[in-house]
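Colleague:
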Amino acid sequence: MSESSPSSALEPGTLYVVATPIGNLGDLSPRAVQTLRGADVICAEDTRHSRPLLQQFGIDTPLLALHDHNEQAQAPALVERLRQGQALALISDAGTPLISDPGFRLVRAVREAGLKVSPVPGPSAVITALSAAGIASDRFLFEGFLPNKGAARRQRLSDLAALEASLVFYESSHRICESLADLESVFGDRRMALARELTKRFETILDGSIAEVRARVEADADQQRGEFVLIVEGVADRSAAQLAEGRRLMTLLSPHLPPSQAARLAAEISGAPRKALYARDS
Numbered sequence: 001m002s003e004s005s006p007s008s009a010l011e012p013g014t015l016y017v018v019a020t021p022i023g024n025l026g027d028l029s030p031r032a033v034q035t036l037r038g039a040d041v042i043c044a045e046d047t048r049h050s051r052p053l054l055q056q057f058g059i060d061t062p063l064l065a066l067h068d069h070n071e072q073a074q075a076p077a078l079v080e081r082l083r084q085g086q087a088l089a090l091i092s093d094a095g096t097p098l099i100s101d102p103g104f105r106l107v108r109a110v111r112e113a114g115l116k117v118s119p120v121p122g123p124s125a126v127i128t129a130l131s132a133a134g135i136a137s138d139r140f141l142f143e144g145f146l147p148n149k150g151a152a153r154r155q156r157l158s159d160l161a162a163l164e165a166s167l168v169f170y171e172s173s174h175r176i177c178e179s180l181a182d183l184e185s186v187f188g189d190r191r192m193a194l195a196r197e198l199t200k201r202f203e204t205i206l207d208g209s210i211a212e213v214r215a216r217v218e219a220d221a222d223q224q225r226g227e228f229v230l231i232v233e234g235v236a237d238r239s240a241a242q243l244a245e246g247r248r249l250m251t252l253l254s255p256h257l258p259p260s261q262a263a264r265l266a267a268e269i270s271g272a273p274r275k276a277l278y279a280r281d282s
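Start counting the sequence shown at 1; every next residue gets the next number (the UniProt record's numbering).
1) Roughly how many whole angstroms lie between the Cα atoms of residue 129 and residue 229?
2) As a quick exercise: from 249, 226, 207, 224, pick the residue whose alpha carbon is nearest that of residue 233.
3) Count the other CB atoms within 10 Å of the CB of residue 267; is the residue buried (16 or more) or exposed (fewer)?
4) What does the alpha-carbon distance come out to for the pair residue 251 and residue 158?
5) Sorted by chain position, which residues of the same chain lie with C-beta nearer than 7 Å to residue 243's C-beta, five sequence neighbours on each side aside?
6) Starting from the N-terminal side, write out each stretch of the beta strand (DSSP E) that is 3 residues or longer and does not extend beyond the stretch 121-153.
7) Below 8 Å on the Cβ atoms is my guess for residue 168 versus residue 140; work out the distance and round it to an integer in Å.
8) By alpha-carbon positions, which one of 43, 67, 36 ends up nearest to residue 54?
9) Since I believe residue 15 is in contact with residue 160 (beta carbons under 8 Å), could you give me their beta-carbon distance rounded to a whole number of angstroms?
10) Could you compute how far the alpha carbon of residue 255 sits from the alpha carbon of residue 78?
11) For residue 1 and residue 213, I'd like the C-alpha separation in whole angstroms.
12) Taking C-beta to C-beta, are residue 205 and residue 184 nearer than 8 Å?
13) From the DSSP output, read off the bridge partner residues of residue 43.
14) Pop quiz: residue 72 and residue 108 are said to be a contact at Cβ under 8 Å. What is the actual Cβ separation, rounded to whole angstroms?
15) For residue 20, name the three-state secondary structure that DSSP assigns.
16) Quick one: is residue 11 buried, meaning 16 or more other Cβ sit within 10 Å of its Cβ, or exposed?
17) Terminal residues of the continuous beta strand (DSSP E) containing residue 195?
18) With distances taken between CB atoms, is the gap from residue 189 to residue 154 smaller than 8 Å?
19) Report all residues from its chain with a CB closer than 8 Å to the CB of residue 81; omit the five preceding and five following residues, and keep chain order.
20) Under the rule that 16 or more other beta-carbon atoms within 10 Å means buried, what is residue 223, buried or exposed?
21) Please specify which runs of the alpha helix (DSSP H), each continuous and at least 4 residues long, are wholly inside the UniProt domain "RsmI HTH" (241-280), giving them in chain order.
22) Can you give the Cα-Cα distance for residue 22 and residue 198, rounded to whole angstroms?
23) Where does residue 201 land, buried or exposed, given buried means 16+ other C-beta within 10 angstroms?
24) In the DSSP assignment, what are the bridge partners of residue 206?
25) Tell me whether residue 125 is buried or exposed, calling it buried when 16 or more other Cβ atoms sit within 10 Å of its Cβ.
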């Protein structure tokens, strides 16, 4: 006896969070197509971007723009639609909504109203990159996009330098070379992977030391185009993590204290050897 297929009808009063392709249209799941066709309205980050995707699959459900600038204001009206029994779908420009994309305010408002939120899983650039990077993925921290300005970017990286988990970042073509230089400056000779244009025609995944990946990108203008996911391995052992944290603290304390006192405090807090910190700063 064959298993019966699930009902195609959507549940009234439910917000469906639907993942869409990050590049390859073949990655849009049958369930996602069914959900987008059956919803009363689709909330899209950029309707101009999403409309061609929907037309490709013969989906003519009405679109409503929902982005960072209007989400808070739109949420009450959308919750009211759900209360009236409508089924709504939420999509982003690409991938899984809410991952460095708008949507969490709406999801929170719906849940606080006691209404149902149902995920329709699918592509995510973070998970796609991790699956092919060859870097430990049992523990990872997703940081989204790094700050635009160099000083703020290096400070953010320094704050993460002592973590043992793998680190995952998004980056744009405008800053990829600068960000790779800052990764090397802060993290040194760690292993990394760079995933570019995932699932698209010019998909590239580079791996090696940060210096090696940086050199390959800087030497090839084509490798500086597109959308990037950067994965950097975490600190390999506890002593290295303590040293990285001690150095971060030294950076914060040195402008305000003599080197020896800054090193002593940084060592007490981090557990790193005081001499190693003092020698590096002197």
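Note that beta-carbon positions come from the ideal geometry of N, C-alpha and C, so glycine has one too.
Modeller: So, from the listed chains and residues:
1) If I take the Cα positions, the gap works out to 7 Å.
2) 207
3) buried
4) 9 Å
5) The answer, listed in chain order, is 272, 276.
6) 140-145
7) 6 Å
8) 36
9) Not quite, the Cβ-Cβ distance comes to about 33 Å (not below 8 Å), so this is no contact.
10) 51 Å
11) Low local confidence applies: a pLDDT of 37 at residue 1 is under 50, so the model's placement there is unreliable, with the coordinate-based value given in what follows. Rounded to whole angstroms, residue 1 to residue 213 spans 54 Å at the Cα level.
12) Contact: no.
13) 64, 90
14) Incorrect: roughly 10 Å between the Cβ atoms, too far for contact.
15) strand
16) exposed
17) 191-196
18) no
19) 40, 41, 88
20) buried
21) 259-270
22) 7 Å
23) exposed
24) 194
25) buried
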